[in-house]
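Each remark here refers to the structure printed beneath this line.
2 protein chains.
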Amino acid sequence: MARKSRTGAAADSQTAGSQSAKERIVDAAEMLFAQQGYEGTTTRAIALKADVPLGLMSYYFGTKGDLYSEVIMRRSAEHAADIAASLQAVAERGNQASIADIVTAFVMPVVRRALDGGPGWAAYVKLLSLAANTPGSEPHTKAFAREYASVVEDFVGMLRGKMPDAAEEDVYWAFYILNSAFIHILVENGSIDRLSGGRCRASDLETVAQKLALMFDAGIARLAKG
Amino acid sequence: MARKSRTGAAADSQTAGSQSAKERIVDAAEMLFAQQGYEGTTTRAIALKADVPLGLMSYYFGTKGDLYSEVIMRRSAEHAADIAASLQAVAERGNQASIADIVTAFVMPVVRRALDGGPGWAAYVKLLSLAANTPGSEPHTKAFAREYASVVEDFVGMLRGKMPDAAEEDVYWAFYILNSAFIHILVENGSIDRLSGGRCRASDLETVAQKLALMFDAGIARLAKG
DNA sequence: GTCTATAGCTTGATAGAC
DNA sequence: GTCTATCAAGCTATAGAC
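Structure representation (structure tokens):
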């Protein structure tokens, strides 16, 4: 037992495949950061899950913070473009699009990635929302915020078009409250499952998206009246 | 410079007063856990902020996890009773109370503590919402959830009274989405401030409560229609 | 490029003097 | 009760053999 096998017991069936060591490290980091947070995840745990020697971490990525950045950057541009396209498609329908349509266009690209994108994307979405909820993570949060700033502006602009008589600040409150609900739901662990006795499942993001669109269609309309 | 003064530079103007060492430790822990999270806070940092020698931490509270529990338990019962009373007052008005009234009754006790309760209560409220957003914190989260379970049931019951024609699961979705928005807003650090160019302030919880009541009054009514 | 071994700190917790 | 000194373990990051 001179050394650990590359496909030994420590290897994770999800991350240890035919991918390169570099990819496996990012995959493992993504999953662990999403599950345990940045501070709660050690570089050793990442190396173990990726089944690579500890030294490779620094060789490929430098510090732990640099690796975190890499996890974000690997998917953020594609994801943001994804949402932008979804919003654009609705914007082209002009006034025919309802508030519910706009909310759905904003929310569904995230839901689809989380549900159909595989475990990597699911972890990324969780990490994305987790970063927005974590204090003392200024550098991390700012990195994410920058990547999605343009998409947020598009969305707010479309909401504004549906709130012609509202005070400017109410457009921002509408976005803020909707986005807060959505972000929190993405990190949720299942408190609603227990509370509802199994009638609702937090992991059922499609239903969540539908209820969000329904509620905020009415809620934003109310706010828009002044 | 044989040893650090009890009122020396390391002492925090907030926590180092006439209180006992034991109280100062809990105060310092509360504030640091709220600002940096559980993993991000070291027992040394707490001791430094409380201006107490490191050894006293274990003497009074045992482990770091025990100290965290103490931070929760110090205020949770009083806070939960506070919210229960607020809900009860609205419940006594029977059908006269609107959905907005019920939402306000649920939200305002938290807002009032955060704004008028002093820095200790402000930190506690932040920690409360932070715990609901943190992964890998099962033991912590469960401790909080247990303390507020009864209040949540009361609130859900009152919502149900206002949604007589709705499917049972929609009552839970209504609560879940509202609570998610509220919880996330309590940890927010000011992204809305920047986005709105200063027109909205995340710290202005009174306005947040007002907008929440307005939007969810309409949103829950819509959901209640089926 | 890959891996082992370890340096250099910081962590939570405690032993034992006062 | 209070405080200093320190332990054992775990951390990130790196030096240097292969």
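As they're listed, the protein sequences go chains A and Z.
For any residue, its number in this note's numbering is found by taking its place in the first sequence, counting from 1, and adding 1067.
For any residue, its number in this note's numbering is found by taking its place in the second sequence, counting from 1, and adding 1067.
Backbone N, C-alpha and C define an ideal beta-carbon position, used for all residues, glycine too.
Hey, residue i and residue j: beta-carbon distance below 9 Å or not?
i: valine 1275 of chain Z; j: phenylalanine 1242 of chain Z; result: no
i: glutamate 1214 of chain Z; j: serine 1143 of chain Z; result: yes
i: lysine 1089 of chain Z; j: threonine 1110 of chain Z; result: no
i: histidine 1251 of chain A; j: alanine 1181 of chain Z; result: no
i: arginine 1141 of chain A; j: valine 1192 of chain A; result: no
i: alanine 1233 of chain A; j: leucine 1290 of chain A; result: yes
i: leucine 1262 of chain Z; j: valine 1170 of chain A; result: no
i: leucine 1272 of chain A; j: leucine 1253 of chain A; result: yes
i: threonine 1108 of chain Z; j: asparagine 1256 of chain A; result: no
i: leucine 1226 of chain A; j: phenylalanine 1249 of chain A; result: no
i: alanine 1114 of chain Z; j: methionine 1124 of chain Z; result: yes
i: cysteine 1267 of chain A; j: glutamate 1236 of chain Z; result: yes
i: isoleucine 1244 of chain A; j: tyrosine 1239 of chain Z; result: no
i: phenylalanine 1128 of chain A; j: leucine 1134 of chain A; result: yes
i: alanine 1151 of chain Z; j: serine 1196 of chain Z; result: no
i: glutamate 1137 of chain A; j: alanine 1096 of chain A; result: yes
i: glycine 1203 of chain A; j: glycine 1203 of chain Z; result: no
Tell me where the alpha helix (DSSP H) around residue i begins and ends.
i: alanine 1269 of chain Z; result: Note, alanine 1269 of chain Z: premise wrong, no alpha helix (DSSP H); not H, not E.
i: asparagine 1246 of chain A; result: 1235-1254
i: valine 1018 of chain A; result: Because chain A is modelled from 1068 through 1293, residue 1018 of chain A falls outside the range shown and cannot be assessed.
i: tyrosine 1191 of chain A; result: 1185-1199
i: aspartate 1257 of chain A; result: Checking the displayed sequence, the identity of residue 1257 of chain A turns out to be glycine instead of aspartate. No alpha helix (DSSP H) holds glycine 1257 of chain A; DSSP gives it neither H nor E.
i: tyrosine 1126 of chain Z; result: 1122-1128
i: threonine 1109 of chain Z; result: Unbroken run through threonine 1109 of chain Z: none, as it is neither H nor E.
i: serine 1136 of chain A; result: 1131-1158
i: aspartate 1094 of chain A; result: 1088-1103
Can you tell me which of the options puts its alpha carbon nearest to the alpha carbon of residue i?
i: methionine 1175 of chain Z; options: Z:Ala1147, Z:Leu1197 and Z:Pro1186; result: Z:Ala1147
i: threonine 1201 of chain A; options: Z:Arg1091, Z:Glu1106 and Z:Gln1086; result: Z:Glu1106
i: glycine 1293 of chain Z; options: Z:Pro1231, Z:Ser1196, Z:Arg1179 and Z:Gln1102; result: Z:Pro1231
i: lysine 1116 of chain A; options: A:Tyr1126, A:Trp1188 and A:Gln1102; result: A:Gln1102
i: isoleucine 1139 of chain A; options: A:Gly1228, A:Ala1190, A:Ala1112 and A:Gly1264; result: A:Ala1190
i: alanine 1158 of chain A; options: A:Gly1228, A:Ala1112 and A:Asp1118; result: A:Gly1228
i: alanine 1172 of chain Z; options: Z:Pro1186, Z:Asn1162, Z:Gln1155 and Z:Trp1188; result: Z:Gln1155
i: aspartate 1183 of chain Z; options: Z:Ser1270, Z:Gln1086 and Z:Ser1087; result: Z:Ser1270
i: aspartate 1221 of chain A; options: A:Val1178, A:Leu1194 and A:Asp1149; result: A:Asp1149
i: valine 1119 of chain Z; options: Z:Gln1086, Z:Phe1100, Z:Glu1145 and Z:Val1177; result: Z:Gln1086
i: arginine 1091 of chain A; options: A:Arg1179, A:Gly1187 and A:Gly1265; result: A:Gly1187
i: glutamine 1277 of chain Z; options: Z:Val1178, Z:Ala1210, Z:Gly1264 and Z:Gly1265; result: Z:Val1178
> Below 8 Å, can you find three or more Cβ-Cβ pairs linking the region 1277-1291 of chain A to the region 1159-1166 of chain A?
Replying inline: yes
> According to a CB-to-CB cut-off of less than 9 Å, which residues of the region 1116-1139 of chain A neighbour chain Z?
Replying inline: none
> Of all the residues that make up the region 1215-1228 of chain A, which are near chain Z by a beta-carbon distance shorter than 9 Å?
Replying inline: Ala1216, Val1219, Glu1220 and Val1223
> Between the region 1228-1247 of chain Z and chain A, which residues of the former have a C-beta closer than 8 Å to a C-beta of the latter?
Replying inline: Glu1235, Glu1236, Asp1237, Tyr1239, Trp1240, Ala1241, Phe1242, Tyr1243, Ile1244, Leu1245 and Ser1247
> Of all the residues that make up the region 1262-1281 of chain Z, which are near chain A by a beta-carbon distance shorter than 7 Å?
Replying inline: Leu1262, Ser1263, Arg1266, Cys1267, Lys1278, Leu1279 and Leu1281
> Using a Cβ cut-off of 8 Å, which residues of the region 1156-1167 of chain A contact any Cβ in chain Z, in chain order?
Replying inline: none
> Between the region 1193-1216 of chain A and chain Z, which residues of the former have CB atoms less than 9 Å from a CB of the latter, in chain order?
Replying inline: Lys1193, Ser1196, Leu1197, Ala1199, Asn1200, Thr1201, Pro1202, Gly1203, Ser1204, Glu1205, Thr1208, Ala1212 and Ala1216
> Taking Cβ-Cβ distances below 9 Å as the criterion, which residues of the region 1247-1261 of chain A are in contact with chain Z?
Replying inline: Ser1247, Ala1248, Phe1249, Ile1250, His1251, Ile1252, Val1254, Glu1255, Asn1256, Ser1258, Ile1259 and Arg1261
>> Output needed in chain order: residues of the region 1175-1188 of chain A with a Cβ under 9 Å from some Cβ in chain Z.
In response: none
> Can you list, in chain order, the residues of the region 1091-1107 of chain Z whose Cβ is nearer than 8 Å to any Cβ on chain A?
Replying inline: Ala1101, Gln1102, Gln1103, Gly1104, Glu1106 and Gly1107
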